[in-house]
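Colleague: Using full-length UniProt numbering, you'd call the opening residue of the sequence shown number 1 and step up by one each time.
Structure provided below as structure tokens; questions to follow.
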Amino acid sequence: MNKEMIIVLDFGGQYNQLIARRVRECNVYAEVHPYTLSLDKIKEMNPKGIIFTGGPNSVYGEESPRYQKEIFDLGIPILGICYGSQLMAYMLGGTVETAPVSEYGRTEVDVDNSSAIFQGVKPQTICWMSHTDYISKAPEGFKVVAKTPVCPVAAMECPERKLYATQFHPEVMHTEEGQKMLSNFVYNVCGCSGDWKMDSFVETTIREIREKVGDGKVLCALSGGVDSSVAAVLLSKAVGKQLTCVFVDHGLLRKNEGDEVEAVFGPDGPYELNFIRVNAQERYYKKLAGVTEPEAKRKIIGEEFIRVFEEEAKKIGAVDFLVQGTIYPDVIESGLGKSAVIKSHHNVGGLPDHVDFKEIIEPLRLLFKDEVRKAGLELGIPEYLVYRQPFPGPGLGIRIIGEVTADKVRIVQDADYIYREEIAKAGLAKNLGQYFAALTNMRSVGVMGDERTYDYAIALRAVNTSDFMTADCSEIPFEVLQKVMTRIINEVKGVNRVMYDLTSKPPGTIEFE
Ligand code: XMP
């Protein structure tokens with residue numbers, strides 16, 4: 001079936017699966033493999049092209065991942081991205097150095113349209129950069145085909161050897177014409193014909209789940225968020241009443257959310273699920289008392305979550321499988337292979353060593369958020385649920401910087417509610433990606449009604465993102481922000497300052513912890 005294949009050779013970058021997925025979107029099959037894949041194996045797989053991913057290392061690091069030089073002589077087209085481009089330059093005799101100016105984020109790049117990978121691309125195009133090292137001199141035989149004022153080799157090529165490299169990331173949405181560049185690579189350089197179509201994910205997964213589960217009992221962790229809702233409905237279609245969904249109200253949910261989740265998935269909702277709500281608020285607040293370190297908080301929340309499940313599982317009797325709505329960005333940002341650990345996402349890095357279940361099923365593990373939404377629609381889940389605001393597993397626990405207390409939860413819930421209400425009133429909800437209020441750990445002096453106050457600052461965040469791996473701050477009309485600020489300060493006790501976070505991802509992350 002997979003006659004044509006592109007191998008994505010993973011050097012530990014954050015975007016390795018995203019590259020594969022973008023290639024698949026060109027109707028060309030792509031697989032991610034670790035950089036330890038042998039040359040013989042590559043020859044055997046006979047790919048139409050190879051893409052070297054980015055990675056957190058410097059080519060000069062002793063431990064840095066490398067590959068045998070012979071790979072460049074196979075005659076198979078290679079595209080190096082970021083670290084991959086530096087590796088190509090370094091191994092073929094170019095010069096890689098620490099850039100005098102690191103580039104992060106959107107950057108205007110001048111490209112040479114005569115290059116096969118830049119055909120049909122605007123001569124000046126917006127690309128996503130994220131690097132501290134750069135290629136200062138291309139290897140002999142290579143032509144520089146893109147540059148920025150501070151990056152002399154933003155892209156290079158040696159068409160005779162079918163070698164191409166870009167310092168920027170064509171795979172992320174913020175590289176405006178990145179999909180065209182990847183398509184140019186697979187079609188113009190690798191000569192692919194585009195013979196691959198994605199299997200219906202839903203159908204295949206339901207079949208696989210049925211085979212795996214047999215007549216076993218399944219317990220599903222339902223948070224009411226998009227991911228776990230899609231996972232739950234997927235499981236219920238696969239194994240029906242063998243499935244019990246447990247919804248843990250950890251006291252770190254958005255305002256009224258517990259009741260809303262119960263209304264949808266509980267006995268009065270449209271689904272045929274065994275639904276159990278566990279009110280564990282107090283238990284969580286006790287565990288979190290005095291804990292300030294973000295990773296420690298994440299671990300506690302994740303671990304407590306599993307403990308609650310174990311208890312529920314015991315009540316239900318022998319449970320074989322635990323289902324979680326982990327999606328791909330959660331996996332990769334928790335540190336897969338050589339990638340740097342950014343955050344240990346709830347349900348992944350947060351898993352305790354000992355888990356009282358036979359196996360964990362994560363049916364969405366390889367999907368990105370927008371693919372999860374597509375799967376949700378295919379499953380017949382209503383649009384309002386599928387497109388609801390993403391909400392992280394550890395909930396408000398990671399939107400409260402520092403120690404979590406019941407009072408701080410109340411503050412952030414109320415502020416967030418006002419923010420969402422005003423965004424909806426202004427008719428902006430549809431155009432925004434993810435937006436929420438967070439409680440900073442900063443207290444400052446203010447004055448209200450002639451009285452001195454010494455209260456917390458709320459940070460408002462809104463980002464546009466399609467894959468959650470990169471994000472840009474959204475523009476919200478000033479009047480709306482001002483209205484939100486006034487209401488939060490007037491209505492939420494304990495807050496005397498409101499700020500708007502402008503940071504993109506990278507260098508920031510979407511959540512605060
Ligand atoms: P970050 O903060 O890592 O967030 O840029 C990217 C996306 O992931 C969500 N997020 C999580 N989702 N468990 C989840 O299920 C987690 O531990 C977690 N941490 C962050 C975040 O809301 C954003 O949509």
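We put the CB at the ideal spot given by N, CA and C, even for glycine.
The structure displayed is predicted, hence computed values, not measured ones.
Find out if the Cβ-Cβ distance for the pair A231, V323 is shorter than 7 angstroms.
Modeller: Going by C-beta atoms, A231 is nearer than 7 angstroms to V323.
Colleague: By DSSP, does P34 sit in helix, in strand, or in coil?
Modeller: P34 falls in the strand class under three-state DSSP.
Colleague: May I ask whether a heavy atom of the ligand XMP can be found less than 6 angstroms away from the beta carbon of K505?
Modeller: Checking the Cβ of K505 against the ligand XMP gives yes.
Colleague: Just to confirm the assignment, what range does the alpha helix (DSSP H) spanning A89 have?
Modeller: Its alpha helix (DSSP H) spans residues Y83 to M91.
Colleague: Only counting runs of 3 or more residues, tell me where the beta strand (DSSP E) segments fall wholly within the stretch 243 to 288, in order along the chain.
Modeller: Counting whole runs of 3 or more residues, the stretch 243 to 288 contains the beta strand (DSSP E) stretches 243 to 249 and 274 to 279.
Colleague: Select from D370, P394 and Y419 the residue whose C-alpha is nearest the C-alpha of T465.
Modeller: It is D370 whose Cα lies nearest to the Cα of T465.
Colleague: Out of curiosity, what's the CA-to-CA distance linking F305 and S193?
Modeller: Between F305 and S193, the C-alpha separation is close to 48 angstroms.
Colleague: Name the DSSP bridge partner or partners of Y29?
Modeller: Note: Y29 sits in a beta bridge opposite M5.
Colleague: Less than 6 angstroms separating the Cβ of P390 from some heavy atom of the ligand XMP?
Modeller: Under cutoff, so the answer is yes.
Colleague: From G508 to T470, what does the alpha carbon distance come to, in whole angstroms?
Modeller: Spanning the two alpha carbons is a distance of roughly 9 angstroms.
Colleague: Mapping DSSP to helix, strand and coil, what is E358?
Modeller: The sequence given here has Lys at residue 358, not Glu. K358 falls in the coil class under three-state DSSP.
Colleague: Relative to the alpha-carbon of P56, which residue among I71, M173 and N16 has its alpha-carbon at the smallest distance?
Modeller: Closest option to P56, Cα to Cα, is N16.
Colleague: What's the C-alpha gap between F225 and L74?
Modeller: Rather than Phe, the amino acid found at residue 225 in this sequence is Gly. Roughly 47 angstroms between the two C-alpha positions.
Colleague: Who does K157 pair with in a DSSP beta bridge?
Modeller: Note that residue 157 is Glu in the sequence shown, not Lys. BP columns for E157 point to K143 and Y164.
Colleague: Since P294 is in the alpha helix (DSSP H), which residue starts that stretch and which ends it?
Modeller: Unbroken alpha helix (DSSP H) run through P294: P294 to I316.
Colleague: Please give the ranges of any alpha helix (DSSP H) in the stretch 40 to 113, keeping only runs that are unbroken, at least 4 residues long and fully inside the region.
Modeller: Within the stretch 40 to 113, the complete alpha helix (DSSP H) runs of at least 4 residues are 83 to 91.
Colleague: Would you give the residue range spanned by the beta strand (DSSP E) that S136 belongs to?
Modeller: First-last of the beta strand (DSSP E) with S136: Q124 to K137.
Colleague: Is the beta carbon of G295 within less than 6 angstroms of some heavy atom of the ligand XMP?
Modeller: This sequence places Glu at residue 295; Gly is not what is there. For the ligand XMP, not one heavy atom lies less than 6 angstroms from the Cβ of E295.
Colleague: Among A263, L253 and K287, which has the Cα closest to the Cα of I276?
Modeller: Checked all of A263, L253 and K287; the closest Cα to I276 is A263.
Colleague: P363: beta carbon under 6 angstroms from a heavy atom of the ligand XMP?
Modeller: Outside the cutoff, so no.
Colleague: Hey, how far is the Cα of E312 from the Cα of R207?
Modeller: Their Cα atoms are separated by approximately 27 angstroms.
Colleague: With a threshold of 16 other CB atoms inside 10 Å of the CB of S236, please say whether the residue is buried or exposed.
Modeller: S236 should be labelled buried.
Colleague: What's the call for residue 517, buried or exposed, on a 16-neighbour Cβ count within 10 Å?
Modeller: No answer is possible for residue 517: the residues shown for the chain start at 1 and end at 513.
Colleague: Return the residue from the list T440, L366 and A146 that minimises the CA-CA distance to S114.
Modeller: Minimum Cα distance to S114 is reached at A146.
Colleague: Going by alpha carbons, who is nearest to T125 out of K137, F118, G141 and E108?
Modeller: Here the closest residue by C-alpha is E108.
Colleague: Taking the alpha-carbon positions, what's the T486 to S504 distance?
Modeller: Their Cα atoms are separated by approximately 25 angstroms.
Colleague: Please classify R410: does DSSP put it in a helix, a strand, or coil?
Modeller: Three-state DSSP puts R410 in a helix.
Colleague: What does DSSP give as the partner residues of C151 in its beta bridges?
Modeller: Per DSSP, T148.
Colleague: For the candidate residues M91, T326, F478 and Q179, whose alpha-carbon lies nearest to that of F499?
Modeller: Checking the displayed sequence, the identity of residue 499 turns out to be Met instead of Phe. Of M91, T326, F478 and Q179, the residue nearest in Cα terms is F478.
Colleague: According to DSSP, simplified to helix, strand and coil, what is M181?
Modeller: Helix at M181.
Colleague: Compare the beta carbon distance of residue 522 and Q167 with 7 angstroms and say whether it is the shorter of the two.
Modeller: Summary: the structure shown does not reach residue 522, with the chain confined to residues 1 through 513, and so no result is reported for it.
Colleague: Thinking just about the alpha-carbon of each residue, which of V121, P170 and F391 is nearest to the one in L18?
Modeller: Answer by Cα proximity: P170.
Colleague: Which of the three DSSP states is assigned to K505 in this structure?
Modeller: Looking at K505 - three-state DSSP - the assignment turns out to be strand.
Colleague: How about the stretch 395 to 413 and the stretch 355 to 369: do they share at least three Cβ pairs that are nearer than 8 angstroms?
Modeller: No, the stretch 395 to 413 does not touch the stretch 355 to 369.
Colleague: According to DSSP, is D353 part of a helix, a strand, or is it coil?
Modeller: A caution first: D353 carries a pLDDT of 46, below 50, which makes its placement in the model too unreliable to give a value.
Colleague: Could you name the residues of the same chain whose beta carbon sits closer than 7 angstroms to that of V28, not counting the 5 residues immediately before and after it, in chain order?
Modeller: Closer than 7 angstroms at Cβ, skipping near neighbours: E4, I6, V186, C192, G194 and W196.
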